[in-house]
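Working notes for the structure below.
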Amino acid sequence: MLYYLLIKWIFYLFTLIVIIGHGDARAIDQQQGLYNSSDYVIVLNYTNLNSTIYHSNSSAYLVEFYSSWCGFCQNFAPIWKSFAKDVNEWNDIVKIGAIDCANDDNNPICRDYEIMAYPTVRYFSPNDKTKGIDVQKGKTVDTLRRELVKKLQDDQQKEKGHSWPNLSPFRNDDLEDAWHAAPETVKYYFFIFDKVNSTLGSEIILDMHKINEIKIRKIMSDNLWLTMMYKINNKFPTLMVMDRKNKQLKLDLPSTSSTRNEIVNVLNKYLQSNDIMIDDKDDKIESKKIANTTNNDNTNIINKYPENDDVYEADLEYALRYSLKNEIPLKKLIENESMIALKNYIKILSKYYPLNNNNNYLLNIYNDIEKLESISGKTFLDIINSYENKLPKIWNKDKKWIKCKGSQEKYRGYPCGLWTLFHTLTVNHADKNEKLNINEPIEVLSAIHGYIKNFFGCNNCVKHFLLMSNEHKIFDIENTDDSVLWLWRAHNIVNVRLSGDESEDPEFPKVRYPPREYCEKCRNNDYTWNEDEVLDYLKNKHGYTSIKYYNNTKYESLNNNNSKPNIFTWNFTDFDISICVIFYFVSVCIIILVYCKFFGKRYGKKKKLYAFYIK
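Residue numbers (mature numbering (1 follows the signal peptide of the UniProt record, and there is no 0)): -25 to -1, 1 to 590.
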């Protein structure tokens, strides 16, 4: 009896472990990225992207490939959410999704889809087996909606979307012909006269297609016979209705330039007046910007960085690791200009990256690619991984930001770390050139320029950087100290541009750097920059001997509980501890079970044998 009771308890405990683990995994998954289930956006990942879009027989998909650290993606997220809500009434025809390519697990599939810039919007036809079609993002919900409608119309012309409402223009000469294919349930036929190339008619057809009692067709302005017969007189859009008795009526629109919402409201009022029940769609087709309601609320705020202005080894390593293992491998094929840029980037890293334990690693990578004319992103990643396995410890165990931590996961992080890395490279480049008495002023800046142009994922950021580089003559630098100052000026230009932007961390507003709190001498009395002092400050901050390492006391002070973490710290979460306790208890139960099973039997046999001899 005890044996079976223990088995039952162990089964319950393992079930509990699975439930807790599943819940914890869901919680972690929901905290990642810029979208969640309340945003009308299907959150895709490496496990479900292919199966979702490739096995959809009736629905198209419009998917945003983005990076959660990308400032432009953060600006675009509220627009994408509003757009998803705006076309939610079309969800049986087209679904809106998003996948975060910054997630390490998703990175390979983003490479397979050849995503070269963030955000990228792709359209996938029903039962599509291709990599999709790029769609113009635009800056508004209206632009996205028009581009989507064009893709849906194109698909229908290619005989896809058989279950969709008819989005093609009505070409017959007589409106009464429309009834021939209409189901018995249809009581009213509406016709929208509109200009050629306008998507307004198709948008309204899609908005109202779930109402069984009506059908809507569009008639374009190039249908001269019908526009003349019904005296449209260039009044586009015009709305007409026809009942089963072929009684025709023009419905009054608010203006000759009536919007989608206004026309839908006119349709709704007409249907309600004729006792046709409809859902209130006002909230479903609203195009106003909705709040960015990611899971990263105040409960998820990360520890603030320290009040000092130090450079931390962890930030440099995390930025370098992400650059090498996520951004560069995302490129399907690296060749020509991008191959030159890759070689230059790895070369300056091997020469000027300040942490010794990484230099052999970087030098080996450079030696492997130096004579190649091209390389695939996957092969480059294989090289990275092979040296990580061959060489002694290269990276610190934890992938955590320190000075570059934001108040929420989406803030700061990689862009901050990459700026820090670039500043550190320019400073160490200047120091080494001075010691060796050589002058290669643009070696590092040229490599940074090449990296940003060819590998940095944020498309909008790249455009701004290249424009700024041209305006401020990045290749005209005459000495390495000017190289340090050029990057500092460029960073301040970016800070000013992004001040107040959606991507700005509200806890750490962007200011001209360094502020007086960090360097009082860096400003003159008239608030202009004292660039000699700025140069000294940057060299002291980013110099090799100034970098704070993992066991530095200032790093330890970051812990909110005033504990002293070091390289041996076990960063257990509550979930980890609970699992350990459960496994400990299960282990004890198993030991008891084994004892009862084997030693109990032996004891029983001895009793029987003893009883036999007594007899």
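Ideal Cβ positions, reconstructed from N, Cα and C, are used throughout, including at glycine. Given the structure is predicted, the values throughout are model-derived calculations rather than measurements.
Residues that DSSP places opposite residue i in a beta bridge
| i | result |
| --- | --- |
| residue 36 | 70, 99 |
| residue 313 | Answer is none; residue 313 lacks a bridge partner. |
| residue 193 | 167 |
| residue 200 | BP columns for residue 200 are empty, so no partner. |
| residue 223 | 217 |
| residue 17 | 72 |
| residue 205 | None; residue 205 has no bridge partner. |
| residue 504 | 498 |
| residue 523 | 287 |
| residue 93 | 433 |
| residue 297 | In DSSP, residue 297 forms no bridge with anything. |
Pairwise C-alpha distance: residue j and residue i
| i | j | result |
| --- | --- | --- |
| residue 549 | residue 383 | Residue placement at residue 549 is flagged as unreliable, the pLDDT there being 42, under the threshold of 50; the coordinate-derived value follows with that caveat. Between residue 549 and residue 383, the C-alpha separation is close to 21 Å. |
| residue 489 | residue 100 | 51 Å |
| residue 527 | residue 521 | At residue 527 the pLDDT is 43, less than 50, meaning the model places this residue with poor confidence; the figure from the coordinates comes in the next sentence. So the alpha carbons of these two residues sit roughly 11 Å apart. |
| residue 396 | residue 24 | 33 Å |
| residue 545 | residue 426 | Confidence in residue 545 is poor, its pLDDT being 34 and thus under 50, which makes the residue's placement unreliable; the coordinate value appears in the next sentence. Rounded to whole angstroms, residue 545 to residue 426 spans 36 Å at the Cα level. |
| residue 118 | residue 523 | 48 Å |
| residue 216 | residue 116 | 29 Å |
| residue 37 | residue 139 | 16 Å |
| residue 69 | residue 424 | 40 Å |
| residue 149 | residue 163 | 16 Å |
| residue 306 | residue 77 | 14 Å |
| residue 446 | residue 493 | 29 Å |
| residue 154 | residue 125 | 26 Å |
| residue 239 | residue 13 | 25 Å |
| residue 167 | residue 214 | 5 Å |
| residue 122 | residue 107 | 14 Å |
| residue 322 | residue 315 | 11 Å |
| residue 156 | residue 195 | 20 Å |
| residue 325 | residue 335 | 8 Å |
| residue 348 | residue 428 | 19 Å |
| residue 79 | residue 361 | 18 Å |
| residue 467 | residue 45 | 18 Å |
| residue 400 | residue 422 | 10 Å |
| residue 414 | residue 402 | 13 Å |
| residue 134 | residue 128 | 10 Å |
| residue 228 | residue 75 | 43 Å |
| residue 456 | residue 83 | 39 Å |
| residue 174 | residue 454 | 56 Å |
| residue 329 | residue 409 | 16 Å |
| residue 313 | residue 517 | 28 Å |
| residue 450 | residue 420 | 8 Å |
| residue 252 | residue 245 | 11 Å |
| residue 21 | residue 130 | 26 Å |
| residue 18 | residue 388 | 22 Å |
| residue 320 | residue 42 | 22 Å |
Contacts around residue i, its chain only, beta-carbon distance under 6 Å, and the 5 residues preceding and following it disregarded
| i | result |
| --- | --- |
| residue 15 | 59, 60, 63 |
| residue 470 | 485 |
| residue 482 | 382 |
| residue 442 | none |
| residue 224 | 216 |
| residue 110 | 96, 98, 122 |
| residue 377 | 287, 289, 290 |
Nonlocal neighbours in the same chain, by C-beta distance under 8 Å from residue i, ignoring five residues either side
| i | result |
| --- | --- |
| residue 318 | 341, 344, 345 |
| residue 114 | 54 |
| residue 536 | Because residue 536 sits at a pLDDT of 37, beneath the cut-off of 50, its placement in the model cannot be relied upon, and the following sentence gives the value as read from the coordinates. Result list for residue 536: empty, nothing under 8 Å. |
| residue 132 | 143 |
| residue 186 | 246, 251, 253 |
7 Å Cβ shell around residue i - same chain, five flanking residues per side excluded
| i | result |
| --- | --- |
| residue 31 | 101, 102 |
| residue 499 | 505 |
| residue 418 | 323, 404 |
| residue 29 | 103, 104 |
| residue 479 | 473, 485 |
| residue 67 | 34 |
| residue 327 | 400, 403, 404, 407, 419 |
CB contact below 8 Å: residue i versus chain B
| i | result |
| --- | --- |
| residue 149 | The structure shown has no chain B; it contains just one protein chain. |
Segment contact flag, the stretch 338 to 347 with the stretch 388 to 408, C-beta cutoff 8 Å, min 3 pairs: no
At least three beta-carbon pairs within less than 8 Å, the stretch 91 to 99 to the stretch 427 to 434: yes
Touch test, the stretch 72 to 88 against the stretch 504 to 522, Cβ-Cβ under 8 Å, three pairs minimum: no
Cβ pair count under 8 Å reaching 3, the stretch 295 to 305 against the stretch 353 to 369: yes
Completely contained alpha helix (DSSP H) runs for the stretch 301 to 378, where each covers 4 or more residues: 311 to 327, 331 to 344, 352 to 365
Alpha helix (DSSP H) segments (min. 4 residues) lying fully within the stretch 105 to 157: 116 to 132
Sequence ranges, alpha helix (DSSP H) only - wholly within the stretch 370 to 457, length at least 4: 389 to 410, 418 to 429, 434 to 446
The stretch 459 to 479 / the stretch 370 to 379 touching (three or more Cβ pairs under 8 Å): no
Three or more C-beta pairs below 8 Å linking the stretch 164 to 184 and the stretch 195 to 215: yes
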